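Reading through the structure tokens given below for one structure.
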Amino acid sequence: MSIFETQGFLSGVDPELLAAQIRTELLETLGEPLGAARLAHLQDLANSARKHSLGDLEISIRLEIGWDGLDSGNTELALSNLAWVLDYIAHHPDELDEEQRLNIATQMLQVPPLAVRHPRVDASCIESLVFWMEFFASKTGIDLHSRLSSRHQVELGLGRRLAAGEALDVMSRLEEIPRQVTGEVDCPLHHFRSRIAWAVNAVDYPRALSLYREALGRCSTASWQCSHPEDIDPLLMLPQAWAGQGDVAWRAHERSYRHQSESSQYLGDIASQLRFCAATWSLDEGLEILHTHAHWFANPEDPWDLLVAARAAAALLRRALQAYRNLDTTVPELDFAIPGNNPWFAFESLQPGVSLATAQARLERVARGLALAFDARNGNNTISVRTAALLNQTPLCSWQSVRSLLRAHFTVAALLGEHGFHHGWAAWLLPALDEGAAAEGHVTHGSLRSDGGVALSRPVPGFSLLDFMRSHSALTRFHQAVSEVNFVSLPREISADHHWLLFETSHVALLGLGGHWDEMLDCGLPLVDLAESLDSRRQSLRVACYLIQAYWQLGRLGEARQWLIRADDFVDATTPAELRMLLEELALLAG
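When we follow the UniProt record's numbering, the leftmost residue of the sequence shown carries the number 1, and every step to the right adds one.
Right under this line is the structure:
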């Protein structure tokens, strides 16, 4: 029981001690998962702060309740707490000291941009929040650039692009003022971020690249090295691809996707990756990303998060359907689930086995439905128009220029599927590891225990006779499919090296199917360097898993273990669960 709770409060206890206790429990509560229990704890803390007349603490706690209410879909709770905060401040103007005002102003700076992402928060309420944000920010001396940045986001959410552009223009003029770069808050790259994003959203890619180069120049002049350049990478993928820098754009995609998967884990963050894949016909990559993060649809951060993800996923599936139909080939079914039970805009969940057309149509309905909800709140049709434009956005390169490439990809994917392989992760090429193998006379491998003894691990598979005719047929079909692709003449907007890497990794898998272990090494070893040059850890890991198996079957166990260690370094937040499981199974071989 806390000393500030009703049953435990002792008269005469130092108020500073009470406040410190509340702050400690507040930090602990904010570390809990979002949900009813956390909201109840926050409400208890707010009541305790009120009981003991700790007004500044109650304000901070109720602001947290407001954010949690918005995040959990309880708009009424959020607005009632935000209204209480504003009412308290209006009637107790002299109770807060300068530091408390600054803390509240800093928090208020974030409230309107968060509230505008919820269509059930009325526009007049958002205007009031912006007024109080401006009031506290000006009173406490928060810089104009930060205030304008919040206003810019609010105007975008309200569908008022003219007002958003005006705020951005003033921000741009402020950024022209010479400043000394002393920390990340002054980083030119991050100061230019909103302007670059505006240019990208307007499909003004030359302007976006020009702004990026200008920001880099300012960093160089100030001898400043941005510590988080991956924050800008999602904005650069499309402009760089448009400029014919396919490999550069692909590296930006890999870096930003990895960063987003590791740091934020917000559903909306993968939207930029799906848009990039749709624009560059990288359909395998886009579907793999959607597969990996489909479960995030069950818990989007807010309605805006769900909107941008649903429309990006719908655009990707529309591009995939276009490709399959243009090639007059069988359209595969969805092989993963997309949950629809979210608090913002529930829809019928998509189950494995539904058609891609059904999945595309359902996600598009979600995107358009949410856009209409925002439009109804905003009193304009800006969000719906923007959604329609993104759903129908033209790819960066023509269909004819990638026709043979996509035909080859679809053929190879189908070929791998016939043999139980998946193009997105490595396959187990060795005989099955089973507990009965040792009893049947298979060789077992001993691993050292910590006490120096030897512990028998899972059995090491011996070489088994493979269907070489089947393997030969698969390799013949593979070479025939890939031979139709002229990698030299591929559009510069896409990464030819990336597509070559995908095909050759599949080649390694098919070599393993026939037990061509030496050829697997000859083909696979150079691919790791190529994958690393593209910042593609997933492909590096996929190749490494095949190399481990080849070395093991050739009896080169030391090299197999070395590659197992190296493969572990390639694992990150973007690694599919299936690939992680395979790596764990390979680790059993090494004891």
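Beta carbons: idealized from backbone N, C-alpha and C, even for Gly. Remember, it's a predicted structure, so these values are computed and weren't measured experimentally.
Assignment of residue 145 by DSSP, reduced to helix, strand and coil, places it in the helix class.
Beta-bridge analysis with DSSP links residue 333 to 355.
Taking residue 118 as reference, the option from 127, 304, 473 with the minimal CA-CA separation is 304. Looking only at 403, 251, 108, the smallest Cα-Cα distance to residue 134 is reached by 108. Taking 4 residues as the shortest admissible run, the segment 250-296 contains the following complete alpha helix (DSSP H) segments, listed from N- to C-terminal end: 271-279, 283-293. With fewer than 16 other Cβ atoms from the protein chains shown falling within 10 Å of its own Cβ, residue 532 counts as exposed. When beta bridges are read from the DSSP output, residue 338 appears opposite 350. Annotated three-state conformation of residue 425 is strand, per DSSP. Its Cα nearest to that of residue 51, the residue 18 stands out among 64, 41, 39, 18. As the crow flies, the alpha-carbon of residue 163 is around 58 angstroms from that of residue 587.
Taking 8 angstroms as the upper bound for CB-CB distance, residue 367 and residue 382 are not in contact here, some 14 angstroms apart. Here the segment 504-522 makes contact with the segment 543-550; the two share three or more CB pairs at distances below 8 angstroms. In the structure shown, residue 53 adopts coil according to DSSP, grouped into three states. If you ignore the 5 residues before and after residue 572, its C-beta comes within less than 6 angstroms of the C-beta of 258, 537, all in its own chain and listed in chain order. A residue is called buried when at least 16 other Cβ atoms come within 10 angstroms of its Cβ; residue 509 meets this threshold and is buried.
Around the beta carbon of residue 469, fewer than 16 other beta carbons lie within 10 angstroms, which makes this residue exposed. When the beta-carbon positions are compared, residue 535 and residue 230 stay at least 8 angstroms from each other. Contact check for residue 523 against residue 504 passes: the beta carbons are separated by less than 8 angstroms.
Membership of residue 29 in the alpha helix (DSSP H) is indicated by the continuous run 15-30. Residue 140 sits in a helix when the DSSP states are folded into three classes. When DSSP states are grouped into helix, strand and coil, residue 308 belongs to the helix group.
Collapsing the DSSP output to three states places residue 130 in a helix. Shown here, residue 517 sits in a helix according to DSSP, grouped into three states. In this structure, DSSP gives residue 523 a helical state, which the three-state scheme calls helix.
Boundaries of the alpha helix (DSSP H) harbouring residue 545: 537-553, taken from the DSSP string. Taking the C-beta atoms as reference points, residue 333 is found nearer than 8 angstroms to residue 354. When the five nearest sequence neighbours on each side are left out, the beta carbons in the same chain lying within less than 7 angstroms of the beta carbon of residue 349 are those of 337, 338, 339, 340, 341, in order along the chain. According to the DSSP assignment, residue 200 belongs to the alpha helix (DSSP H) that extends over 193-201.
Your pair residue 66 and residue 82 checks out as a contact, with CB atoms roughly 4 angstroms apart and the cut at 8 angstroms. Judged by beta-carbon spacing, residue 378 lies beyond the 8 angstroms limit of residue 167, meaning their Cβ atoms are not closer than that value. Taking 8 angstroms as the cut-off, the beta carbon of residue 402 is found closer than this to the beta carbon of residue 491.
Segment contact: the segment 393-400 against the segment 165-180, fewer than three CB-CB distances shorter than 8 angstroms; contact not assigned. Between residue 208 and residue 189 the beta-carbon gap is near 13 angstroms, outside 8 angstroms, which marks them as no contact.
Remark: fewer than three beta-carbon pairs, one from each stretch, lie closer than 8 angstroms, so the segment 477-484 and the segment 260-269 are not flagged as touching.
Taking a 10 Å sphere around the C-beta of residue 400, we find fewer than 16 other C-beta atoms and assign the residue as exposed. For residue 574, the secondary structure class from DSSP, reduced to helix, strand or coil, is coil.
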